[in-house]
Every structure is written in C-alpha cells, then in structure tokens.
Amino acid sequence: MTDRIAEYEGGQQARLERGAGGGQRTAWIITFTPAADEPRVVRQAQALMTAGWQVVVCGYDGRCLRPPDWHFVRLSNAGYSSGRAIQRDGFRRRFGHSIAKTGIVPGVAARLIYNSLPNWRLDAAEIVRIAAANRDLTPSLVIAHDNQTCPPAAELARRYGAKVIVDSHEYMLGALPEEPAWVKHQRPFIKVMQDHYFTRADQVVTVSDGIAERLTAEHNLKRPARVIRSMPFFEPLDFRPTGPLRTVLYHGIVTPFRNLETAIEAAALWREDTHLVIRGPGEAAYLASLRALVAERNLGQRVRIEAPALYSELLKRANEADIGYFVYADGSPQRRYVLPNKFFEYTMAGLALVTSDLPEMAALLARHGHGRTVARVDPETVRAAIDGLSNAEIDAYKTAALAAARQLCWEREQGRLLSIVEDLCGH
Numbered sequence: 049m050t051d052r053i054a055e056y057e058g059g060q061q062a063r064l065e066r067g068a069g070g071g072q073r074t075a076w077i078i079t080f081t082p083a084a085d086e087p088r089v090v091r092q093a094q095a096l097m098t099a100g101w102q103v104v105v106c107g108y109d110g111r112c113l114r115p116p117d118w119h120f121v122r123l124s125n126a127g128y129s130s131g132r133a134i135q136r137d138g139f140r141r142r143f144g145h146s147i148a149k150t151g152i153v154p155g156v157a158a159r160l161i162y163n164s165l166p167n168w169r170l171d172a173a174e175i176v177r178i179a180a181a182n183r184d185l186t187p188s189l190v191i192a193h194d195n196q197t198c199p200p201a202a203e204l205a206r207r208y209g210a211k212v213i214v215d216s217h218e219y220m221l222g223a224l225p226e227e228p229a230w231v232k233h234q235r236p237f238i239k240v241m242q243d244h245y246f247t248r249a250d251q252v253v254t255v256s257d258g259i260a261e262r263l264t265a266e267h268n269l270k271r272p273a274r275v276i277r278s279m280p281f282f283e284p285l286d287f288r289p290t291g292p293l294r295t296v297l298y299h300g301i302v303t304p305f306r307n308l309e310t311a312i313e314a315a316a317l318w319r320e321d322t323h324l325v326i327r328g329p330g331e332a333a334y335l336a337s338l339r340a341l342v343a344e345r346n347l348g349q350r351v352r353i354e355a356p357a358l359y360s361e362l363l364k365r366a367n368e369a370d371i372g373y374f375v376y377a378d379g380s381p382q383r384r385y386v387l388p389n390k391f392f393e394y395t396m397a398g399l400a401l402v403t404s405d406l407p408e409m410a411a412l413l414a415r416h417g418h419g420r421t422v423a424r425v426d427p428e429t430v431r432a433a434i435d436g437l438s439n440a441e442i443d444a445y446k447t448a449a450l451a452a453a454r455q456l457c458w459e460r461e462q463g464r465l466l467s468i469v470e471d472l473c474g475h
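Given below as structure tokens:
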C-alpha cells in the first residue's frame, strides 16, 4: 500500500493511553466506532495478546470498560467548521464523485472523497501522528475495520512495512440498494474505496462464506477473502426451561431495515402467553415510531422496547428469553449472506432460534438443530412460526443451542485469525 492522507489541520487531538500489555511484535487495530463496544475488535485484540502480540487499539470511547492491556489511541472525532475548509471539502467531494463514476482511477477518487470528510480524515492523520511519535509501538500488523479505516492502515503500512488485514463486517456494496440517494452518492465512494484499498491489502476477511465469495469475485485481491465469523467468547449458561410466559427476543441495532414492524404486527396475532422484547440502540425518531405502533395495536403489556444491554451483560440478559428472533427480508447480497453477531449470541445464550430462511443462517440451524427458519417476512407467517413451537420444542432447541455454543465460540474461531496472521507475519 502506498497511499497518503491529508495532514492534520487542527481541532482536538487524539491521545495515546498506554496499557499494561507488551509483546515482541505490535499490532494496531483501527475502528471508527466505540472500540470497547465493538465485539470483533475486542476478540481480535484478545487473541493477538494471548499469542504474544502487543496491541494498540484506535477508536472512540464507548460504554464498556477497556481491557487494561490495550494501548489505546482515543480518537476525538471532533472535525472542524471553518467556512473555507467546508467550501474546499465540498469541491473535493464533488470532484471525487465525478471521478468515481468513471471507475478509471479509483485511488484518486477515493482519496479526494475521503479527504473531504473531516472527521475520518483528521482521525486518520492523528493515528499516523501518534505512530510516528511512539516508535516503540511501530506496527508489524494493522487490522483495518471496514473501508473507512483503510487510509490510515495503508499509511502505516507504507511507512513501516506492516502487513494489512481489512476486516469487512458487511457486503457494503449491497447495503441499501433500495435507497436511490445511497445508490447515487454512497455506493460509488464505497466502490472506489474497496477497488483501491482491498486490492492492496495483504488479506481481506469477512463474516460469512457468501460475502467472502462476492468480495473475491469482484476485487482483484492478493489472496481470496477468508471468513472469521462473529462468535462470542464461550460463556457457560444454564438451561432455562420455558415457563408459562414465553419471551421472543430481538437484540441488536434497531433500524427500519430489520423489519421490526413485522415482529410487532405478528405479536398482535400470536398467542397471548408470548411476549416480544426489542432491545438495542436506534435513532430516536424510529424508536418513537415503533412505540407508536405498539400503542396503536394495544400491545403495551406484551411488547417492550428496551435500551441496549452492556456487552458484558448481553448474554445473561438474553438467557432470560426463550426465542432469539432475526427475521428480515432478502433483497441484496448483504442481506442474503448475513451471519450476524446476534445469531451466535442467541446460540450462546441457549435460546431457540427463529430466523429468515437465508443460506448462511439456515445452514447452521440445519447442522446444529437449534431453531427453525421462516420462509416469508409477513406477520401471519411469523405468527405461525412462533405459535407453531410448543414449549417442549423450544426446550429441545435450547438444549441443542447450548451444545452448539461449545463449537460456535471465539475460542474455536480465533484459530482462523491466528492462522492468517502466521501466514502473513510468521511466528
């Protein structure tokens, strides 16, 4: 990778907070999210530290406590607001988009658009500045989470000869195909970022086989994309038999694209001894719309919309439910090949799973026998699936989930990451 980023232009600087960890080699993990709240970041850091690496994590503050062994680059995400800078950035962005649509020089378009986005640009520059000022933390390996962190990863690779792994959490080119504004403005940027940076990465990893196959087919990667699934640390939880009141749980991001209205409408139809809990973060306006739908259907006693649980408490809270729910519509490769954290979290929590009949989830349910799929996304079909489960069947699925959890856990999955690191960096 031989990319450069714009120099830091003022605003609140990031700072390095040193942890207790050490090691013969140093890995940097970069995310533009609250780092300690990001399960893939936490798991990767733990695996590398256990393997003897010193780990620097770059990201924002979150709700969860950071592991004490992390060296943490606290990013500010402050941006700036000077009129001249905003005017210049608008020109960069428009010019970059015009080049992106041609598909001829993706690197030029990617840099122009990226450098017109002040928060990402300034965070990237701060990461590079802190690396230069702390040579005892010079990276041998950089893991970039999603395409927005690729520019600082590329610059660290250029300066220090580090190997780069790009961790693509989703099939971003197919995120919102039904949204014309996204297709027009966001997709061209994602395309040039991936065309430029993914092809220069030493390894691209992602969450499911279907997405890995798409990324390999669509980009001239150095190596085929590899899969590291989003499995939680193993946590022994007790079997909890289904009682007279059954709880269906959805936890995760609460957005319009998760078809949660369908779950609420289904709750109005299914048996009265079954309640629905929707637990997770979302935009205030959308959460309000869901609460309005609950009130309109007179479901206030049977449907609860709750704030997200801390990740450290997520599985224990989930274990209080009976059915783990994730039913949403196909419509793009991103949705078709989805294999989310929540699938494995529900499994670890010992829940019976009810999911969409999508290939990645359906294959695991068939293999481990801990749930069933729903063929269509409509209230009556969902109702029939939930009502069709007797308590004895739910308990059988719960037992199977707890057995599957011993295989579908990070302690087993981390070997995939460590194998990739060994291939790139040696012992």
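For what it's worth, the numbering used here labels the leading residue of the sequence shown as 49, then goes sequentially.
Note that CB positions come from ideal geometry on N, CA and C, so glycine has one too.
This structure is a prediction, so every number in the text was calculated from the model and none was measured.
- Counting of Cβ neighbours within 10 angstroms places residue 195 among the buried residues, the total reaching 16 or more.
- Restricting attention to beta strand (DSSP E) runs no shorter than 3 residues, the stretch 189-253 encloses them at 189-193 and 211-216, ordered along the chain.
- DSSP links residue 65 through a beta bridge to 120.
- In the DSSP assignment, residue 374 forms a beta bridge with 403.
- The C-alpha of residue 201 is placed about 39 Å away from the C-alpha of residue 399.
- Residue state for residue 283 is assigned as coil, using DSSP reduced to three classes.
- One thing to note: residue 357 has its Cβ within 8 Å of the Cβ of residue 365.
- Taken atom to atom, the span from the alpha-carbon of residue 204 to that of residue 292 is near 57 Å.
- Burial state of residue 446 is buried, judged by a 10 Å Cβ sphere holding 16 or more other Cβ atoms.
- Distances from the alpha-carbon of residue 289 to those of 451, 441, 105 and 108 put 441 closest.
- Put simply, the stretch 174-192 touches the stretch 205-219. At least three CB pairs are less than 8 Å apart.
- Within a 10 Å sphere around the beta-carbon of residue 392 sit 16 or more other beta-carbons, which makes this residue buried.
- Secondary structure at residue 277: coil, using DSSP grouped into helix, strand and coil.
- In the three-state scheme derived from DSSP, where H, G and I count as helix and E and B as strand, residue 395 is classed as helix.
- Within the same chain, and ignoring the five residues on either side of residue 308 in sequence, the residues whose Cβ sits closer than 7 Å to its Cβ are 298, 302, 326 and 338.
- Taken through DSSP and simplified to helix, strand or coil, residue 296 comes out as strand.
- Unbroken alpha helix (DSSP H) runs of no fewer than 4 residues, entirely contained in the stretch 293-366, are found at 308-315, 332-344 and 359-366, following chain order.
- Contact between the stretch 266-286 and the stretch 422-440 is not established, with fewer than three Cβ pairs separated by less than 8 Å.
- Look at the beta carbons and you see the stretch 147-160 not touching the stretch 171-182: under three pairs across the two are nearer than 8 Å.
- Residue environment: residue 465 is assigned as buried (16 or more neighbouring CB atoms within 10 Å of its CB, all protein chains considered).
- For residue 457, the three-state secondary structure derived from DSSP is coil.
- A distance below 8 Å between beta-carbons, with the five flanking residues on each side excluded, links residue 377 to the following residues of its chain, in chain order: 307, 383, 404 and 425.
- Around the beta carbon of residue 138, a 10 Å sphere encloses fewer than 16 other beta carbons of the protein chains shown; the residue is thus reported as exposed.
- Taking all protein chains shown into account, residue 66 has fewer than 16 neighbouring C-beta atoms within 10 Å of its C-beta and is therefore exposed.
- Between residue 396 and residue 363, the C-beta spacing is below 8 Å.
- If you ignore the 5 residues before and after residue 113, its C-beta comes within less than 7 Å of the C-beta of 84, all in its own chain and listed in chain order.
- Residue 272 carries a coil assignment under DSSP once its states are collapsed to helix, strand and coil.
- Under the three-state reduction of DSSP, residue 72 is assigned to coil, being neither helix nor strand.
- In the displayed model, residue 473 falls within a helix according to three-state DSSP.
- The alpha carbon of residue 102 has as its nearest neighbour, out of 261, 70 and 247, the alpha carbon of 70.
- Non-local beta-carbon contacts of residue 91 in its own chain, meaning distances under 6 Å to residues more than five positions away in sequence, involve 458 in chain order.
- Residues 401, 403, 419, 420 and 421 of the same chain have their beta carbon placed closer than 8 Å to that of residue 413, with the five preceding and five following residues left out of the count.
- Counting other Cβ atoms within 10 Å of its Cβ, residue 408 reaches 16 or more and is therefore classed as buried.
- Residue 419: member of the beta strand (DSSP E) spanning 419-422, first to last residue.
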